[in-house]
Each structure stands twice: as structure tokens, then as C-alpha cells.
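Residues 0 to 727 (numbering that gives the first Met the number 0) are what the sequence shown spells out, left to right. Every residue gets a Cβ at the ideal spot worked out from N, C-alpha and C, and that includes glycine. Encoded as C-alpha cells, the structure appears first; notes follow it.
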Amino acid sequence: MSFKIALAGNPNSGKTTLFNTLTGSNQFVGNWPGVTVEKKEGRLKGYREVKIIDLPGIYSLSPYTMEEVIARNYLIEERPDVILNIIDGTNLERNLYLTTQLAELGIPVVVAINMMDIVNKNGDIIDLKKLGEAVGCEVAAISALRGTGIKEAVKKAVNAAEKNKFNAVHIFNEKLENIIADIAARIDISVTEEQKRFYAIKLFERDSQVLQSMSNVPDVKDIIETTEKEMDDDSESIIINERYNYISSVINSCCKKKKKLKLSLSDKIDRVVTNRWLAIPIFMAVMFIVYYISVTTVGTWAADWVNDGLFGEGWNVFGISVPGIPTIMEAGLEAFGTAQYLNSLILDGIVAGVGAVLGFVPQMLVLFAFLAFLEACGYMSRIAFIMDRIFRKFGLSGKSFIPMLIGSGCGVPGIMASRTIENEHDRRMTVITTTFIPCGAKLPIIALIAGALFDGAGWVAVSAYFIGVAAIVVSGIILKKMKMFSGNPAPFVMELPSYHFPTAGNIFRSMWERGWSFIKKAGTVILLAAVLIWFLQGFGFEDGFGMVEDMNNSILAKIGGIIAPVFAPLGWGDWKAAVAAVTGLVAKENIVGTFGILYGGFDEMAEDGYQIWSNLAMDFTKLSAYSYLVFNLLCAPCFAAIGAIKREMNNAKWTWFAIGYQCVFAYAVSLCIFQLGKLFSDGSFGIGTAAAIIIVIVFAYLLFRPYKEKDKINDKTKNVWSINRKVM
Ligand code: GDP
Ligand code: MG
Numbered sequence: 000m001s002f003k004i005a006l007a008g009n010p011n012s013g014k015t016t017l018f019n020t021l022t023g024s025n026q027f028v029g030n031w032p033g034v035t036v037e038k039k040e041g042r043l044k045g046y047r048e049v050k051i052i053d054l055p056g057i058y059s060l061s062p063y064t065m066e067e068v069i070a071r072n073y074l075i076e077e078r079p080d081v082i083l084n085i086i087d088g089t090n091l092e093r094n095l096y097l098t099t100q101l102a103e104l105g106i107p108v109v110v111a112i113n114m115m116d117i118v119n120k121n122g123d124i125i126d127l128k129k130l131g132e133a134v135g136c137e138v139a140a141i142s143a144l145r146g147t148g149i150k151e152a153v154k155k156a157v158n159a160a161e162k163n164k165f166n167a168v169h170i171f172n173e174k175l176e177n178i179i180a181d182i183a184a185r186i187d188i189s190v191t192e193e194q195k196r197f198y199a200i201k202l203f204e205r206d207s208q209v210l211q212s213m214s215n216v217p218d219v220k221d222i223i224e225t226t227e228k229e230m231d232d233d234s235e236s237i238i239i240n241e242r243y244n245y246i247s248s249v250i251n252s253c254c255k256k257k258k259k260l261k262l263s264l265s266d267k268i269d270r271v272v273t274n275r276w277l278a279i280p281i282f283m284a285v286m287f288i289v290y291y292i293s294v295t296t297v298g299t300w301a302a303d304w305v306n307d308g309l310f311g312e313g314w315n316v317f318g319i320s321v322p323g324i325p326t327i328m329e330a331g332l333e334a335f336g337t338a339q340y341l342n343s344l345i346l347d348g349i350v351a352g353v354g355a356v357l358g359f360v361p362q363m364l365v366l367f368a369f370l371a372f373l374e375a376c377g378y379m380s381r382i383a384f385i386m387d388r389i390f391r392k393f394g395l396s397g398k399s400f401i402p403m404l405i406g407s408g409c410g411v412p413g414i415m416a417s418r419t420i421e422n423e424h425d426r427r428m429t430v431i432t433t434t435f436i437p438c439g440a441k442l443p444i445i446a447l448i449a450g451a452l453f454d455g456a457g458w459v460a461v462s463a464y465f466i467g468v469a470a471i472v473v474s475g476i477i478l479k480k481m482k483m484f485s486g487n488p489a490p491f492v493m494e495l496p497s498y499h500f501p502t503a504g505n506i507f508r509s510m511w512e513r514g515w516s517f518i519k520k521a522g523t524v525i526l527l528a529a530v531l532i533w534f535l536q537g538f539g540f541e542d543g544f545g546m547v548e549d550m551n552n553s554i555l556a557k558i559g560g561i562i563a564p565v566f567a568p569l570g571w572g573d574w575k576a577a578v579a580a581v582t583g584l585v586a587k588e589n590i591v592g593t594f595g596i597l598y599g600g601f602d603e604m605a606e607d608g609y610q611i612w613s614n615l616a617m618d619f620t621k622l623s624a625y626s627y628l629v630f631n632l633l634c635a636p637c638f639a640a641i642g643a644i645k646r647e648m649n650n651a652k653w654t655w656f657a658i659g660y661q662c663v664f665a666y667a668v669s670l671c672i673f674q675l676g677k678l679f680s681d682g683s684f685g686i687g688t689a690a691a692i693i694i695v696i697v698f699a700y701l702l703f704r705p706y707k708e709k710d711k712i713n714d715k716t717k718n719v720w721s722i723n724r725k726v727m
């Protein structure tokens, strides 16, 4: 018989670990229709016809987070044959809250109590038989990590699915039961008998999404209102309270926690790590080490190996020189006697362009391994906990800090690190704003502008970071108030799983999944972009159409001439500046290189481009140069980072929104800097100045306008968690 087993449970209860064990390599990873929450499906090893679905981690079946909505829609609409509810055995109270709700769906449920290795180590005792009787379904004890008890749990799930036996649902107090029965009696036959209880409870809770999904909504307002008056509480809280009363009674009868005479090691670590004063310094130190190792030492060796070796000159091994890919290709192409433009396409376009991007991969892998470790051992949740209060204020999550920190080295791994943010709004916002922080490749532009026009003043670089941070804060506040980012507020919940040592296999898998998806997806975008820019830059009309000697004759220069006027209000309507900004899309350090070619015919430039400082100073004023700098810092990042944005957004519309927002934002800020700067320095006033003033007013409005979150939902969400906390 073929059927479906859905794995449901709280985040971090071990669903994915179990899923990987159950399905082996036999799995399909995609996204849930319409959203970017990961969807994993696979076949049960040894039972070809049994399909397993790893649902997003959820705390309840309420409709407050997207994960909840996805999991719930799946359960209600697809109706798997059995739900395997994974429970963290070290945290029964919180986990059973979901169990009480799953049991009401009218689908057979088998409970797998996970983390039994820790439960046993702590010396706690869970009476499985009693627990099974109390919650009305089969219970199995497992350790997904160690692989114990899994076979038995699966057997129970398969059995339950075959028998299609419903669970004995837990009973609320008599009064509430009567009310639920009254409501259920008003539901017509469009709802099957076994689902009536679920719908009755949801009707009582006034769950709008469930109401929408019903073809015939009975009017039960009178029942709800009288009950609320009698019990002096809103209907949803009444149910929540009842669930927790029930859970406490279950726990009391089935579990014996060993009296904790001393704190567990995990608690001891937390005392230090989340300490009010030590938390941030420790966090800084940890991130410094991660950053230092992955960006400088190990990361640099690895990157150099790829950039200078594999995609560069090659290596010198014990005096024998081993050629890199370009040298080999060049020799190969020469041997074939291919046309010059084909050589150039392959070497300057494809190998150079894609090579520049693949150069990020080693650093990324080192970094991802660290992140996977921090995530798996439990420290990541602490970081989020520490930073969340600050970041929440501008619409980001505590976890946004890591992408931004990494982004100061390179935006590509920075954007990809946003993966660890579960909430979709927070993740999108992080992806959009991460590249505002100047990455390593933008440092040469800063050095060039500072050197050519500001006598190398240090404040130019400092202000670049300051502007980056300010752009993030301002964007966060503005975007947070927009409709697309409002709506379901993320529930304010932080859980701190106990620390444990992750397995090497898990870390490797996580590192590889992220790295490989970058190579695959970002690689295609970058390949196309590199070829396109190569063509525009290398071809044009000299003696007829063909490859050009002088870049001034290239198509890119012509396009630069056409788009340059767009930038005139920013103070740099010169085609050279516009062209340099466009080549910056391939890699930001190209801007300096392009200036080198355009302003002095230098092919090889110093990092800070001092050779052209004097020429550059003739074409720019301090103000226009600064405006140019700011534009390049804030506008769309390089193609590699755009590829990463595309990968993380997994949605064309959002990718374009991110790029569009960055460009418009950069344009607006640069315009204000140049126009208002001019107004204050020489008092000149024109259309541009008026536009700048309007922009400032609009910014101020967007920043300070009153903002109503969906208050009601928000209150309720808090409510759920405050009650939840009490129990924990
Ligand atoms: P999910 O969020 O439900 O998918 O949970 P994961 O499968 O990602 O697991 C969360 C963390 O718990 C990971 O670090 C796992 O290594 C760890 N974990 C999972 N199962 C067990 C277990 O049985 N024992 C222990 N000690 N850790 C586990
Ligand atoms: Mg998971």
C-alpha cells in the first residue's frame, strides 16, 4: 500500500535529522509552492511506496507565521495518512502544545519522543505507556542523532496509517466540551465527521483563515460571545489555557524529572554566554575568530589557491611549474588556432568572469562550515537572542547581524548566510540590505576617491561604513512599514536548545548544500553577465564593426554616453563615470580598473589608482566625487552578489525588487548629497535642489509616519508566548 507520512514538530526537534536518516539520499528538496520555505520530500528507505514529508517547524497550528500556515494547509488539504509528531523529549511541555492540536485534525498521529539520549543522560524518566494513554496515540522513544528506536517508530507510523485509526483526542473541561459540541452541531456535512472537532475549535477561536477555507460558515457568534463574557477572557486564550492545563496534568502523571541539584553543563555555559555584560564581548570574540579564519588565514589561502593558481598563473610545486586554467586554455586555443575573438571570449569573458566568482567558493565553504557548526551546536540561537532586541527595532532579526558582518568581507557569502533566518520577512529584508555594508571589493574605490580628492583623509572610509549602517537602519524602518513586510508578525519566541557537539556529517552536508547551490544557480547568472559585459566592452565601431582597440569606441562607451545624463543631477554626468559604474557590476574593484583605462590608458593600476589622481581631480569636485562614491557603495552589488540574491530570494519579482530598491535608494541619497551640498556650499538652487528637498521630505515621512502593526494578531501572538513562557 502506498501512503504518506508527514513529519511535524517544533523547530529544532530533530525532524530534518530524522528525515535524512529515514530517506537516505533518496530525497527531493524544493520550496513550498509560492514561498521559499524549504520543502523536503523523500521515500522511506526499504519501503519504496512510502513517501515522507518534512514539514516546516512550528509551535502551533495557529495562522501567525508562514511556516504554520504551510504546515497547516498541508495537513488539512493534503491529509497525509499519518502524522509522525517529533517531540523534543527535553522540552515536553512546549512540544506537547502542538501535539494537542495535531491530535484534533482527525489524522492518525504517532508521537516520537526524540533526544532520548539527552533525556537519559539527564536521568529524567518518561513513562511512555502512560503518556501514550494520556495523549491517545502510539508513542515511541527515539534518538534521531544516534539512530536509536527509529525502526520501531516507523513501524508504529506505518501501522497507524494502515489501520487508519483515529486518536482518542484529549478532553477539555466539561463546559468547554459542551461549547465545542454545540458549535460542531452547527457545522454542516461539507466537513467530514472526523474533522468537525478541529473546525469547531477553530471557529471558536475565530481563526480567519479556517473560516475562509470553509464552504459554509455557521454563525456561532452568540456562543463565543456568551462564553467570553462568562469566562472573562477571549476565546483563543481560553483554549490556550485549557491546552496548558491539560499538558500540565499529562506531564505530572507521566514524567519524573530528576531533581536538578546542580546546573547542567549547558545551563552553566549559558550563564556566561548570555550574561548581561559578557554576552556581547563573547559574541564579538567568537565572530572575530570565525571571520578572521574564514576571511583572512584559511580563507585567503584557499582563495589564493583558486584565484592565483587555478584561475591564474598556476603553481610552483617544488620548482616545477604547474599551469593554471587560463594558461592551459590559452595553449589549447592556440593549438586549435581559434579566431582571436573566440580566444578573447573564452579567456577574458568566461574564464576571467566565472573564475572571479568561483574564487569566492573556498572562502564561502570555510565560512559555511563555521556557520553550520555554530548553528548545530546551539550557539546561533543565543546570538539571535542577544541581538534580537536591537535589530527588531528596524525590522531585522537578531540573526541578520551575521550576514552583515560577513558582508563586510564579501557580499556573496553574506547574502547566503541569511539562510539561517527562518522568518521570511526578516530574511528578505536582510538580503536586500546586506550589501549596503562596504565589501572588500569596494575598498579600492574608497581609496581612489579619498586619495584623488580628499588628500587621503581617513574619514572618507569611516563615513563609508557609517553610511552603510545608516542605509540599513533607514531601509529597515521604511520597508518594515510597507505592506509587503507587514502582516503576519513573527512570533516573539526564542528557544535555547541545550548545547551539544554536532556530527561532522551534518556540518559537511550543510556546508556542501549551500556551497553547491551557489555554484549552480549564481553561476548561470554570472556566466551570462560576464559574457555580456565582455561583448559590450570589447566590441564597437572602429573600421566597421568588430573588436575595438580603444575602449572609447566600444558599445559600452556609447551606452555610457546615453545613460550618463541620468546621473547628471548627481554631479557626474560624464560617460566615463557612468561606464565605470556599469563595469562595477561585474566586480566592484573593476571601477578603479576602468578609470585607469579611461583616464590614463593604464592597463595595470595600483589598488588605490594613484596614477590617475590628478586627472580625476580635474573631472570631479569634492562633492560630485563623494556623491559618486556613495552611489557605488549603495547601488546594486556585483553580479556575483546579485546571483546570490536571486538564489536566496528564489523569486524573480523579489530579486528585481531588491536590485531596484538598492538602485533607487542609492540614486536618491546621492542626489541629496550633491544637490544639498551645492545649496549649502554656494547657495545654488535649481530643479535638482527642489527634487532633493522633496526626497528628504518623503524620506522623513516614510521614516516617521505612524505605523500600525496588525495589533490584534500581535497581541494574541504575545499572549500565546507569554503563557507558553510561564510553563517553560
Ligand atoms: P528540525 O529543526 O526539527 O529539522 O531539527 P534538526 O533535525 O535540524 O535538529 C536540530 C538539532 O538537534 C541538530 O543540531 C541535531 O543535530 C540535534 N538533534 C537531532 N536529534 C537529536 C537527538 O536525538 N539527540 C541529540 N543529542 N541531538 C539531536
Ligand atoms: Mg529542519
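Contact between Ala640 and Val411 holds: CB atoms are separated by about 5 Å, below the 8 Å threshold. The ligand GDP approaches Ala375 closely enough that one of its heavy atoms is under 7 Å from the residue's Cβ. Per DSSP, Ser683 lies in no alpha helix (DSSP H) segment and is marked neither H nor E. The straight-line gap separating the alpha-carbon atoms of Leu701 and Ile75 is approximately 40 Å. A heavy atom of the ligand GDP is found nearer than 7 Å to the CB of Asn11.
Sequence-distant partners of Gly413 (beyond 5 residues in either direction) whose C-beta falls short of 6 Å from its own C-beta, in its chain, are Pro402, Ile405, Gly406, Thr433. With respect to the C-alpha of Glu204, the residue from Ile186, Ile223, Ser212, Gln211 having the closest C-alpha is Ile223. In the DSSP assignment, the residues bridged to Glu137 are Val109. Around Met230, the same chain offers Ile237 as residues with beta carbons nearer than 6 Å, after the five sequence neighbours per side are excluded. Residue range 538-541 is occupied by the beta strand (DSSP E) that includes Phe540. Per the C-alpha coordinates, the member of Val565, Asn505, Val157 positioned closest to Ala577 is Val565. Here the distance from the Cβ of Lys14 to the nearest heavy atom of the ligand GDP is below 7 Å. Rounded to whole angstroms, the gap between the alpha carbons of Ala70 and Leu210 is 17 Å. Taking 7 Å as the cut-off, the C-beta of Asn505 counts as close to a heavy atom of the ligand GDP.
For Lys267, the closest C-alpha among the options Ile466, Tyr498, Thr620, Asn552 is that of Tyr498.
The alpha-carbon of His424 is positioned some 6 Å away from that of Phe484. Beta bridge pairing from DSSP links Phe2 with Val49.
Within 10 angstroms of the beta-carbon of Tyr291 lie fewer than 16 other beta-carbons, which makes it exposed. The C-alpha of Asn9 lies about 16 Å from the C-alpha of Glu374.
From the listed residues Val350, Ile389, Ala643, Gly394, the smallest Cα separation to Lys482 is found for Gly394. Excluding its 5 nearest sequence neighbours in each direction, Ile124 has C-beta neighbours in its own chain below 6 Å: Lys255, listed in chain order.
In this structure Ile52 is in contact with Lys3, their Cβ atoms being roughly 6 Å apart against a cut-off of 8 Å. Of all C-beta pairs linking the stretch 434-448 to the stretch 456-472, three or more are shorter than 8 Å, placing the two stretches in contact. For Ile692 and Leu675, the gap between their C-alpha atoms comes out near 8 Å. The closest heavy atom of the ligand GDP lies 7 Å or more from the beta carbon of Ser380. Put simply, the backbone Cα of Ala159 is about 13 Å away from that of Ala139. DSSP lists Leu6, Val109 as the beta-bridge partner residues of Leu83. Counting only unbroken stretches of 4 or more residues, the alpha helix (DSSP H) elements lying wholly within the stretch 224-289 are 234-253, 264-272, in sequence order. By the C-beta density criterion, Gln339 is exposed, having fewer than 16 other C-beta atoms within 10 angstroms.
In this structure, DSSP gives Arg42 an extended state, which the three-state scheme calls strand. Nearest in C-alpha terms to Tyr627, of all of Arg93, Ala651, Leu569, is Leu569.
Per DSSP, Ser474 has no beta-bridge partner at all.
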